[in-house]
Amino acid sequence: MINQVLPGIYRIEVPLPNNPLKATNSWLIRGEKRNLLVDTGFNTEVSREAMDHGLHELGIKMENTDLFVTHLHSDHSGLVNHLATPETTVWMSEADGQVVAESRESFHWGMFNEFLIVSGLVDSGVENDFTKHPGYRFASEVYERFNLVNEGFEITAGDYRFRCVATPGHTPGHMCLYDPEKKLLLSGDHILGKITPNITAWNFNTDVLGQYLQSLDKIARLDIDTVLPGHRYVITDCQGRIEELRKHHRARLDNVLDIIGSQTMNTTQVASRMRWDLSFKKWEDFPWGQKLFASGEAMSHLYHLTVKGELEMSLENEIAWFSKK
Ligand SMILES: [Zn+2]
Numbered sequence: 196m197i198n199q200v201l202p203g204i205y206r207i208e209v210p211l212p213n214n215p216l217k218a219t220n221s222w223l224i225r226g227e228k229r230n231l232l233v234d235t236g237f238n239t240e241v242s243r244e245a246m247d248h249g250l251h252e253l254g255i256k257m258e259n260t261d262l263f264v265t266h267l268h269s270d271h272s273g274l275v276n277h278l279a280t281p282e283t284t285v286w287m288s289e290a291d292g293q294v295v296a297e298s299r300e301s302f303h304w305g306m307f308n309e310f311l312i313v314s315g316l317v318d319s320g321v322e323n324d325f326t327k328h329p330g331y332r333f334a335s336e337v338y339e340r341f342n343l344v345n346e347g348f349e350i351t352a353g354d355y356r357f358r359c360v361a362t363p364g365h366t367p368g369h370m371c372l373y374d375p376e377k378k379l380l381l382s383g384d385h386i387l388g389k390i391t392p393n394i395t396a397w398n399f400n401t402d403v404l405g406q407y408l409q410s411l412d413k414i415a416r417l418d419i420d421t422v423l424p425g426h427r428y429v430i431t432d433c434q435g436r437i438e439e440l441r442k443h444h445r446a447r448l449d450n451v452l453d454i455i456g457s458q459t460m461n462t463t464q465v466a467s468r469m470r471w472d473l474s475f476k477k478w479e480d481f482p483w484g485q486k487l488f489a490s491g492e493a494m495s496h497l498y499h500l501t502v503k504g505e506l507e508m509s510l511e512n513e514i515a516w517f518s519k520k
């Protein structure tokens, strides 16, 4: 499905088969000489066909189009290699671009096997096989010609003049595009309407949730009328949505503390008792990927509470255990 959302800006809705996210919003900004396409969809036949069809309908040739990828996840970067022509410039942040460039060969995937152990998932009977990860299965083929950009880099397309804003949290190198004059934000998965961005910790290198909340504060300081997110609907009350996202995480942190109570628990035990907005009734029914994402989300909250000094963490038999201080 294609629709115009602002003068010169179109949404190409790229379906994500068998995924709770349903579709990725790919934003096409028509320019006089060069167009700009933001985010792509999975590297699967269904996503590929929808994207090719969308570009064809809009009369867009990739020879005259550059690409900006907000973050490394395959539902945003999966079609980079398929779409990029020798004339296409592909921009991405340094931190995330390096991971996508290595694609399936990346050492990055090994950390999921470590996470499956440290979270307690393997101990609970979950298969230790990161190749089941949708991000792995639907990644772009190797693409090595990224133009790696940092905070403040400017990209012009049509009447729009965007500035790259680093918003780490959802991924280490997540970036939004901001046009201060048009008060417009292309938010990737940093701010979504209706659904909350998945904030997952896969190891204890960074307080990912703390980082995400800081990135929300950073965007809250900008003057914004319209947010074009990576999934679902256009957002017109950016401040209101940011406040809802802050409240969501505050409630989750309280929920995690309640679940732990006076016990010592691992990440999987906490995740299986948290509330999830999924159609599966019982934790046991969650598919492999949803157990992984739920546990990653639980761990970002557990580790944030540990860094804040409310929980303490210990490692026993390679599994991380949490209890109240
Ligand atoms: Zn996404």
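Position in the sequence shown counted from 1, then plus 195, gives you the numbering used here.
The C-beta atom is built at its ideal place from N, Cα and C for all residues, glycine as well.
Since the model is a prediction, treat every value here as computed from it, not as a measurement.
Around Glu-322, the same chain offers Trp-483 as residues with beta carbons nearer than 7 angstroms, after the five sequence neighbours per side are excluded. The DSSP assignment places 285 to 288 as complete runs of the beta strand (DSSP E) inside the segment 280 to 328, in order along the chain (cut-off: 3 residues).
With respect to the C-alpha of Leu-316, the residue from His-496, Trp-478, Asp-261, Thr-501 having the closest C-alpha is Trp-478. If you measure from each CB to the nearest heavy atom of ligand 1, the residues under 7 angstroms come out as Leu-216, Thr-219, His-268, Asp-270, His-271, Asp-384, Gly-425, His-426. Contiguous alpha helix (DSSP H) elements confined to the segment 345 to 408 do not occur, taking only those with 4 or more residues.
Comparing alpha carbon positions, the residue from Thr-351, Ser-474, His-443 closest to Leu-372 is Thr-351. Setting aside the 5 residues that flank it on each side, Pro-392 is surrounded in the same chain by His-365, Asp-384, each with a C-beta closer than 6 angstroms to its C-beta; the list follows chain order. Scanning its chain for C-beta atoms nearer than 7 angstroms, with the 5 sequence neighbours on each side dropped, one finds around Glu-339 the residues Ala-296, in chain order. If only complete runs of 4 or more residues are kept, the segment 449 to 517 shows the alpha helix (DSSP H) at 462 to 468, 483 to 502, in order along the chain. In this structure the segment 505 to 513 does not lie against the segment 409 to 416, because fewer than three pairs of beta carbons, one per stretch, are closer than 8 angstroms. Pairing Phe-333 with Asn-398 gives a Cβ-Cβ distance that is not under 8 angstroms. Burial check for His-251: the Cβ neighbour count within 10 Å stays below 16, so the residue is exposed. Of the residues assessed, Phe-263 falls on the buried side of the cut-off, its CB having 16 or more other CB atoms within 10 angstroms. Arg-470 is classed as exposed because its beta carbon has fewer than 16 other beta carbons within 10 Å across all chains shown. In the assembly as shown, Met-196 is an exposed residue. Its beta-carbon has fewer than 16 other beta-carbons within 10 Å. For Leu-201, the enclosing beta strand (DSSP E) covers residues 197 to 201. Under the three-state reduction of DSSP, Lys-413 is assigned to helix.
By DSSP's assignment, Ser-221 forms a beta bridge with Ile-207. Within the DSSP bridge table, the entry for Val-429 names no partner. Apart from sequence neighbours up to five positions away, the residues of its chain that approach His-499 with a beta-carbon distance below 6 angstroms are Asp-402, Leu-404, Gly-405, ordered along the chain. At least 8 angstroms separates the beta-carbon of Tyr-205 from that of Leu-267. In the three-state DSSP reduction, Val-337 falls in the coil class, being neither helix nor strand.
It is roughly 52 angstroms from the alpha-carbon of Asp-247 to the alpha-carbon of Lys-519. Asp-449 counts as exposed, since fewer than 16 other C-beta atoms from the protein chains shown sit within 10 angstroms of its C-beta. The DSSP-derived three-state label of Lys-256 is coil. DSSP lists Trp-222, Phe-263 as the bridge partner or partners of Val-233. Taking the C-beta atoms as reference points, Leu-216 is found nearer than 8 angstroms to His-426. Following the DSSP letters along the chain, one finds Leu-423 inside the beta strand (DSSP E) bounded by residues 421 to 424. The three-state secondary structure of Leu-250, taken from DSSP, is helix.
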